[in-house]
Amino acid sequence: MKRSLPLIKLLAAVLVLLTLLNPASLLAQNKGTIQGKVVANNNQPADNVSIGLEGTSYGTVTKANGEYAFKAPAGSYKIIISYVGVERVEVPVTVTAGQTVTVPQITVRASQSQLIEVNVIANRANRFTRKMSVDVAKIPLNNLENAQSYSVVTSELLKEQNVFNVEDALRNAPGIQKMWDATGRAGDGGGYFTLRGFVTQTRLRNGIAGLITSGIDAVNIDKIEVIKGPSATLFGSTLTSFGGLINRVTKKPYDSFGLEVGHTVGSYDLSRTTIDLNTPLGTNVALRLNSAYNYEGSFQNYGQSRNFAVAPSLAIKANDKLSFLLESEVFVGRNSAKPFFFFDYLSSPKALGVSKVSDLNINYKNAYVNDDIKSFSRSTNYFATVNYKFSDKLTSQTVFSSSNSYSNGASPYFYLVTDARAAVYAPGTPDLPGEANYVALMDQSTFHSKLNAIEIQENINGDFNIGTTRHRFVVGLDFQRQNSNQIYYGGAYGVAPINNPTYDYGSFNKILVDANVYNPAAAYPYIYKTNTYSAYASDVVNITDRLIASAGIRVDRFENKGNYSVTGTQTAEPFSQTAFSPKFGLIYQPIKEALSLFANYQNGFQNLTPYTDAAGQTVTPKIQNATQIEGGVKMALFNGKLNGTLSYYRINLTNVLRTLPGSGAQAIQVQDGTQQSKGFEAEIIANPIASVNIIAGFSYNDSKFTKADADVQGLRPNTAGSPYLANFYASYRLPETALKGLGIGFGGNYASANKIINSVSQGTFELPAYTILNSNLFYAKAKYRFGLSVNNLTNKEYYTGYTTINPQRLRQFVLSASYKL
């Protein structure tokens, strides 16, 4: 149900005031026009680059062909292309009233720090190619110089597709699959994904800790980097997985005034308002504010989400050597739970006599719970970055991050149960023909749960020649502290028929859940403190202009201060572990700056929390270790019109910790196994003809336990996701015509069947394969934009999950409009 939105009214009033106060929006006389073109190092157009007049709010951004034009009052100025931490480009210009002045062509040379709001890449024929990165290797490298595989999803693509959150954005990256939506619980880190056969989450922001509790709004996202394979050498183990990591790269302040406001409406009462405000606060200070308010109902009979995001950032340039960037982001949500169907631990698929969703009688449009049950979540993150330039060849970056996540409230879920188990949850429940007739109504609430992560990181970057050999290196120190005070408590609220049109499913409601008062004695706490001290170094060596080698090493000291109960009693002893993590890479370019053959060896590790063994004893686990060998080809052919990566990888994991079948509510685990995950990935980003852009991806993953209990020996883990994944998107924009700016896009995703239960004792249960199609129509001009998209075009019923069955959104229409000043 839709609610009145006083916040939106307030935002609208603020936007009107800003518009009135903005001198660019007032009628001005005695103006002239400035026009010109900006190109990159290889003389290719540089699009989306901010152009401004020093000391004023007048400016614009370049178009796809690198050209720009804007009006300004008569007078003498300096045109600047300047970003904090990057060398300025200054061009004098004199404006005459009523006349047009053409500025000589400007060439932009990106500096080592690469803190440009939108990277200026030499080959921008394809609007969705933006693979220059400072975070992937912690050294400024382009894709063809980096021996690691990664994919990039740009904000330009998200805007074209009408995508507003990180979870949906990742449908454009090959080899990654959403398994769970965000649970809204402190410490959970947003949505859950599988990548190269392992579960991962979005836990990094600009290469450093940035924890999230709910779904991640993309309002302040510049691009998303999906970095493939174990990457502990540069990113440690606390926030990464063996399959890789997801890094959010955020928007930064720039040196001219800009304001964009937008509003979106859509199916299921979708209502969204956004603002992106940038303003100089003097010659060397710039402020940027991104904010969004998002409300959405559900395709089911119950369900709603209400989220607010705000992300201010302040850039200060003290002098030509020293600059600062201060940022914060706050995400607040009050959401009802999305259905999660688990198998009760004594009601396996084998016991229920089912092996696929069609064997069950789940009502796809039934939420099975009232949406007056909500959970409150909040993530508050603060960041400070200090950049210092010793010389053109040596720089320092010091980063501080404080991430705080909080949640409080209920999180309902459901057990699929046999009739016998249903009678345990609700005595007197009748035994009906067959099995899988009931679901048990469950809840796992959080009670003022908190997770705080503090990280301090220092990186020294250099770019030197020793003889004729070029060295680009980083030496870094990292300290991270996690302080967890997460408290869970559960409740069982009887059973409901799995599909009975006369049953009141809304009776599983707030009144029922609130009657289960928090009891510390019955709580399940996750209370601990850890410190991690790390040092790392990496060097990229140009042996020749075509042969590039890289090597890196990390030493990591992990200290677990112990686990504690709600009353402060120590439940697990403190322990410390030391790990080493090396990486190696090799690049050979048969066609210089166009085609690279690459290979890498990468390492990952994880310090696990103590577990309970079969004897009921608390055990300190050994460090899990993963090694990856990968090889393939990267390309940027035909002047950047054909970009892509093809790769084969193999990841071997030792000291696997797994849960024994039939463990019950208290998981019984053993650390005795090995696992292998191998596969192939392909990504193509192409601009075959003018105005046509294509993104396509395919992946195959073969993951299995290679040494384990007979119950799962040789089988695919139930957390590995679908073996086959594919993604596709194509867009076309009308060329230079009266309807220039009109475009259309079409794409989709395929996932093969997903075994969410897979063992001898429990049987096998598969989520069916699915193909989801999406389309969009847009009309974009310099000052305004309209977009219409249809998600899940064929209204397909499909499911995601790992160990769970999670229905996904049906067809949705989305209409958006935005205006720029």
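Count the sequence shown with mature numbering (1 follows the signal peptide of the UniProt record, and there is no 0) and you get residues -28 to -1, 1 to 793, in order. Cβ atoms here follow ideal geometry from the backbone N, Cα and C, with glycine treated the same way.
With contact counted as at least three CB pairs below 8 angstroms, one residue from each stretch, are the segment 742 to 749 and the segment 758 to 774 in contact? Yes: at least three Cβ pairs fall under 8 angstroms.
Close beta carbons around residue 117, own chain, < 8 angstroms, minus the five adjacent residues each side: Contacts found: 512, 520, 559 and 568.
Complete beta strand (DSSP E) runs within the segment 238 to 282 (minimum length 3 residues, chain order): Along the segment 238 to 282, the beta strand (DSSP E) occurs as fully enclosed runs of 3 or more residues at 242 to 252 and 257 to 268, listed in sequence order.
Starting from the Cα of residue 381, find the closest Cα among 707, 344, 251 and 592 and give me that residue. With distances taken between Cα atoms, residue 381 lies closest to 344.
Between which two residues does the alpha helix (DSSP H) carrying residue 415 extend? Careful: residue 415 lies outside any alpha helix (DSSP H), inside the beta strand (DSSP E) at 410 to 438.
For residue 341, does the three-state DSSP call read helix, strand or coil? DSSP, read as helix, strand or coil, puts residue 341 in coil.
Selection from 362, 594, 127 and 177 that minimises the alpha carbon distance to residue 108: Per the Cα distances, 177.
To the nearest angstrom, how far is it from the Cα of residue 436 to the Cα of residue 442? Cα atoms of residue 436 and residue 442: separation of roughly 6 angstroms, rounded to the nearest angstrom.
C-beta atoms of residue 448 and residue 433 nearer than 7 angstroms: Cβ distance not < 7 angstroms, so residue 448 and residue 433 don't count as in contact.
Would you mind reading off the limits of the beta strand (DSSP E) that contains residue 497? From DSSP, the beta strand (DSSP E) with residue 497 extends over 496 to 514.
If residue 555 and residue 572 are in contact, beta carbons under 8 angstroms, what's the gap, nearest whole angstrom? Contact holds; Cβ gap of about 7 angstroms.
Around the Cβ of residue 331, are there at least 16 other Cβ atoms within 10 angstroms (buried) or fewer (exposed)? With fewer than 16 other Cβ atoms within 10 Å, it is exposed.
Using only the alpha-carbon positions, how far apart do residue 48 and residue 248 sit? Their Cα atoms are separated by approximately 30 angstroms.
Mind checking whether residue 371 and residue 180 have CB atoms under 7 angstroms apart? The Cβ-Cβ distance between residue 371 and residue 180 falls below 7 angstroms.
Per DSSP, what kind of secondary structure is residue 64 in: helix, strand or coil? Strand, per DSSP.
Any contact between the segment 145 to 157 and the segment 374 to 392? By contact I mean 3 or more CB pairs, one from each, below 8 angstroms. Judged by pairs of C-beta atoms under 8 angstroms, the segment 145 to 157 touches the segment 374 to 392, as three or more such pairs exist.
Does DSSP put residue 565 in a helix, in a strand, or in coil? Coil, per DSSP.
Straight-line Cα distance separating residue 456 from residue 354: Rounded to the nearest whole angstrom, the CA to CA distance from residue 354 to residue 456 is 18 angstroms.
Inter-residue spacing [alpha-carbon to alpha-carbon] between residue 70 and residue 196: Whole-angstrom Cα-Cα distance: 43 angstroms.
6 angstroms Cβ shell around residue 760 - same chain, five flanking residues per side excluded: Excluding residues within five positions, the ones whose Cβ falls inside 6 angstroms are 749 and 787.
Ranges of the beta strand (DSSP E) found wholly within the segment 674 to 758, counting only runs of at least 3: Within the segment 674 to 758, the complete beta strand (DSSP E) segments of 3 residues or longer fall at 696 to 705, 714 to 723, 726 to 731, 735 to 739 and 742 to 752, listed in chain order.
Should residue 283 and residue 311 be called a contact, given that it needs their Cβ atoms to be closer than 7 angstroms? Taking C-beta atoms as the reference points, residue 283 and residue 311 fail to come closer than 7 angstroms.
Ignore the nearest five residues each way along the sequence and tell me which others in residue 373's own chain have a CB closer than 6 angstroms to its CB. So the list reads 180, 181, 355 and 427, once near-sequence residues are dropped.
With C-beta atoms as the reference, is residue 375 less than 7 angstroms away from residue 323? Not closer than 7 angstroms, so no.
At the level of alpha carbons, what is the spacing between residue 221 and residue 682? Cα atoms of residue 221 and residue 682: separation of roughly 44 angstroms, rounded to the nearest angstrom.
Ordered list of beta strand (DSSP E) runs contained in the segment 113 to 166, each at least 3 residues: Complete beta strand (DSSP E) runs here, min 3: 122 to 126 and 148 to 152.
Could you check what DSSP says for residue 76 in three-state terms: helix, strand or coil? Residue state, collapsed to three classes: coil.
Answer yes or no: do residue 346 and residue 393 have a C-beta to C-beta separation smaller than 7 angstroms? No, the pair does not count as a contact, with Cβ atoms beyond the cut-off.
What's the C-alpha gap between residue 368 and residue 507? Residue 507 has its alpha-carbon roughly 15 angstroms from the corresponding atom of residue 368.
Assumed close pair residue 385, residue 316 - CB separation to whole angstroms, cut-off 8 angstroms: No, residue 385 and residue 316 are not in contact; Cβ-Cβ is about 11 angstroms, not under 8 angstroms.
Using the Cβ count rule (16 or more neighbours within 10 Å means buried), how would you classify residue -2? Low local confidence applies: a pLDDT of 35 at residue -2 is under 50, so the model's placement there is unreliable, with the coordinate-based value given in what follows. Flag for residue -2 reads exposed.
According to DSSP, simplified to helix, strand and coil, what is residue 321? DSSP places residue 321 in helix when its eight states are reduced to three.
With DSSP as the reference, label residue 96 as helix, strand or coil. In this predicted model, residue 96 has a pLDDT of only 41, less than 50, meaning its place in the structure is not dependable; the value taken from the coordinates is given anyway. Correct three-state label for residue 96: coil.
Under a three-way DSSP split, which group does residue 386 fall into? Here DSSP, grouped into helix, strand and coil, assigns residue 386 to strand.
What does residue 536 pair with, by DSSP beta-bridge criteria? Partner(s): 499 and 542.
Where residue 50 falls: helix, strand or coil (DSSP): If DSSP states are grouped into helix, strand and coil, residue 50 belongs with the strands.
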